[in-house]
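Chemist:
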Amino acid sequence: MLLGEIAHTRSGDKGDTSNIGVIAFEPEHYEVILREVTPERVKAFFGDLVKGEVERFELPNLHAVNLLLHEALGGGGTVSLRVDAQGKTYGAGLLRMEIDVD
Amino acid sequence: MIRIANGQGFWGDWLEAPIHLVEQGPIDYLVLDYLAEVTMSVLQKQKQEDPNLGYARDFPPLIGRLAPRLKERDIKVVANAGGVNPAACAKAVLKAAPGIKVAVVHGDDVYNRLNEFQNKGYEMRDMDTNQPISAIRSRILSANAYIGAFPLAEALDTGADIVIAGRSTDTALTLAPMVHRFHWPPDDYDKLAAGTIAGHIIECGAQCSGGNCQAGWESIPDMANIGYPIVEANADATFTVTKHEAAGGRVHSDTVKEQLLYELGDPTRYITPDCIADFTSIRLADTGPDRVTVSGIRGGPRPPTLKLSISYTNGWKAIGTLVYSWPEALAKAKAADRIVRQRLQSLGLEFDEIYTEFFGVNACHGPAAPSNPDPPEIQLRIGVRGQDRKSVDRFTRELIPLVLNGPPGATGFGEGRPPVREIVAYWSALIPREEIQTTVEVIS
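Chains A and B supply the protein sequences, listed in that same order.
Quick note: the first sequence, position 73, residue 73 per my numbering, numbers continuous.
Quick note: the second sequence, position 27, residue 1027 per my numbering, numbers continuous.
#1: Could you tell me if D1374 (chain B) is buried or exposed, where buried requires 16 or more neighbouring beta carbons within 10 angstroms of its beta carbon?
#2: Determine the direct distance from the alpha carbon of P1289 (chain B) to that of P1207 (chain B), and round the result to whole angstroms.
#3: Kindly indicate which three-state DSSP category G91 (chain A) falls into: helix, strand or coil?
#4: Mind pulling the beta strand (DSSP E) runs of 3 or more residues that sit fully within the stretch 1275-1356 of chain B?
#5: Using the beta-carbon of each residue, which ones in chain B are nearer than 9 Å to R48 (chain A)?
#6: Between which residues of its own chain and V1440 (chain B) is the CB-CB distance below 8 Å, once the five residues before and five after are set aside?
#7: Output the boundary residues of the alpha helix (DSSP H) element that contains S1041 (chain B).
#8: Helix, strand or coil for T17 (chain A)? Go by DSSP, reduced to three states.
#9: Tell me where the alpha helix (DSSP H) around R1181 (chain B) begins and ends.
#10: Return the chain-ordered list of same chain residues with a C-beta closer than 8 Å to the C-beta of F1413 (chain B), the five sequence neighbours on each side being excluded.
#11: Does DSSP classify W1217 (chain B) as helix, strand or coil?
#12: Along chain A, which residues have their Cβ under 9 Å away from the Cβ of T1280 (chain B)?
#13: Since G52 (chain A) is in the alpha helix (DSSP H), which residue starts that stretch and which ends it?
#14: For G77 (chain A), would you say it is in contact with chain B, using Cβ-to-Cβ distances shorter than 8 Å as the test?
#15: Over what stretch of residues does the alpha helix (DSSP H) that includes A1425 (chain B) continue unbroken?
#16: H1106 (chain B) lies in the beta strand (DSSP E); which residues open and close that run?
#17: Per DSSP, what kind of secondary structure is E98 (chain A) in: helix, strand or coil?
#18: Over what stretch of residues does the beta strand (DSSP E) that includes V1392 (chain B) continue unbroken?
#19: Would you mind giving the Cβ-Cβ distance between R1283 (chain B) and T1240 (chain B), rounded to the nearest angstrom? I have them listed as a contact below 8 Å.
#20: Quick one: what's V1241 (chain B) bridged to in DSSP?
#21: Return the Cβ separation of I1027 (chain B) and R1003 (chain B) in integer angstroms, given the expectation that the two are a contact with Cβ distance under 8 Å.
#22: For K1076 (chain B), which of helix, strand or coil comes out of DSSP?
#23: Note down, in chain order, every chain B residue with its Cβ under 7 Å from the Cβ of H8 (chain A).
#24: What is the DSSP secondary structure of S1138 (chain B), reduced to helix, strand or coil?
#25: Can the beta-carbon of Y1426 (chain B) be found closer than 8 Å to that of E1123 (chain B)?
#26: Could you pull the start and end residues of the beta strand (DSSP E) that V1440 (chain B) belongs to?
#27: Along the stretch 13-34 of chain A, what residues have a CB closer than 9 Å to any CB found in chain B?
#28: Alpha carbon to alpha carbon, how far is G1012 (chain B) from I1019 (chain B)?
#29: Tell me which residues of the stretch 1330-1364 of chain B have at least one Cβ-Cβ distance to chain A shorter than 7 Å, keeping chain order.
#30: Take D1337 (chain B) as the anchor and find which of B:A1087, B:F1351, B:Y1355 and B:L1349 has the nearest alpha-carbon.
#31: Is Q1207 (chain B) helix, strand or coil when you go by DSSP?
#32: Please state if the CB of Y1146 (chain B) and the CB of P996 (chain B) are separated by a distance shorter than 8 Å.
#33: What separation, rounded to the nearest whole angstrom, lies between the Cα atoms of A1160 (chain B) and V1078 (chain B)?
#34: How big is the Cα-Cα spacing for R1113 (chain B) and E1263 (chain B)?
#35: Would you mind working out which of B:L1053, B:Q1118 and B:Y1029 sits nearest I1431 (chain B), comparing C-alpha positions?
#36: Let me check one thing: in DSSP terms, what residues is S11 (chain A) bridge-paired to?
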């Protein structure tokens, strides 16, 4: 199924890094997110849009993870030539990632 | 309990929001966050052209409009509207609302102290690239230290109606009324962290009350009249996020969680001038319709340094678009892109980067977007940036000719040549906090 069926997201920027908060709708799906939404898979999912590494931090209290996508905004802020220079739509894009739930 | 509402998430936010917050129900403090990193450089340029400018110009007329109500309901305002010229901002506010008492926080602007800092041996290395500031010294437009809640609380202690700051942190605007009213000491880090997180939740305005919300966005009530957020803060550092009942929008743990994660780094170390907040300690509970109660927050000691926000010029850029219609819209747009690049090369023009996006195919999500082989139309968007303004300007003349001399079916050139813009980039560095001494000036 798609990540968007069990989670919602919000993304933004810090310089040339975009962050994506991934939040489970139901607490029991937090473990699924931990297992499926790995930094490696997220980096592969966005391909050459993300030049740097992907980091992941866990917030079990919110049933959420915070992903940092480094060198992902074409230089970031005012330098970037991308339409989404602030990474506002990365979170929405990730909702399409295929995951296994069981 | 005190009610703190945020009516602006950035300079350019909805003008009616602060009015609605004051009119639709009780609040004690109205905070307005006007500044982003880029804003400071824009304001600095305005100040260079006119020494009476350099602040958020929306602010004085807003206070003029609200002043009678603020007095009547004893609502205090805390805003970082001062930008790079808080004194001029205060003067304009007093002109718009005579009889009001204004407190101005000075000391964050270090533009004229950079030589002093360099002479003291501070390299002010960029926190991302680790380069010393000497690399960009001659191109700096503005330099400000992020200041925390205590200088703002001191300004509230004077009994002022309006507190005007320059580059305070966004979260400090919300924490300051709590420090002022509850007398929290500078080493009570758990409480300061709670107030900081309350500030983070409301600092982007409606982004915690139903705006830009992925969770159930289509069912969020009356978005046209969306309510901006209110924090009901208690002396024990628990708080409830809510909105006025008459307003639209939604406050729910889902909407609050999305905002908690917005622009977050390491959640265990959210660093501010006042404390280091731990987002993994937050406990949320839906305690009523449009009410989310927050508790359990832990924090650690404030850092020995303050962050500098420095802007500098870094070349030029321009971005142009054309629209190609069906049939073979994508193939035509791709051919046009190749032609532009070939023509730029033939002219011998060099750029730091040429970047192309195809709207309708890959602009937002790149390779993660599914293929769209036969779209009804595609917008081609080509951007260039470089150090030579003339080359960037030449690029802006290369798009429209394609309508007649490139692939068929091009339109969308009605705006003419795209503008050439100077790139103002952002540099962040650390400075020992003792270097920054703030003062409060009361004007009425």
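We treat Cβ as the ideally placed atom computed from N, Cα and C, and that holds for glycine.
Modeler: If we stick to the structure as given:
#1: exposed
#2: Here residue 1207 (chain B) turns out to be Gln, not Pro, going by the sequence shown. Rounded to whole angstroms, Q1207 (chain B) to P1289 (chain B) spans 18 Å at the Cα level.
#3: helix
#4: 1276-1278, 1283-1288, 1291-1295, 1298-1300 and 1305-1325
#5: According to the sequence shown, residue 48 (chain A) is Asp rather than Arg. Result: G1366 and P1367.
#6: A1103, V1104, V1105, H1106, P1151, E1154, A1155 and T1158
#7: E1037 to E1049
#8: Strand, per DSSP.
#9: D1170 to F1182
#10: L1322, L1399, I1400 and V1403
#11: helix
#12: F57, E58, L59, P60, N61 and L62
#13: That residue, G52 (chain A), is in no alpha helix (DSSP H); it is neither H nor E in DSSP.
#14: yes
#15: Looking at the DSSP string, A1425 (chain B) is not in any alpha helix (DSSP H); the run it does join, the beta strand (DSSP E), is R1421 to P1432.
#16: V1102 to H1106
#17: strand
#18: Where V1392 (chain B) is concerned, there is no enclosing beta strand (DSSP E), although the alpha helix (DSSP H) it sits in stretches over R1389 to F1395.
#19: No, R1283 (chain B) and T1240 (chain B) are not in contact; Cβ-Cβ is about 12 Å, not under 8 Å.
#20: B:V1231 and B:V1292
#21: 5 Å
#22: strand
#23: Q1214, A1215, D1254 and E1258
#24: helix
#25: no
#26: T1439 to I1443
#27: D13, K14, G15, D16, T17, N19, I20, G21, V22, I23 and F25
#28: 15 Å
#29: E1353, Y1355, E1357, A1363 and C1364
#30: Here the closest residue by C-alpha is B:Y1355.
#31: helix
#32: This structure gives no information on residue 996 (chain B), because the portion of chain B shown stretches from 1001 to 1444.
#33: 10 Å
#34: 30 Å
#35: The residue with the shortest Cα to Cα distance from I1431 (chain B) is B:Q1118.
#36: S11 (chain A) is bridged to A:I20.
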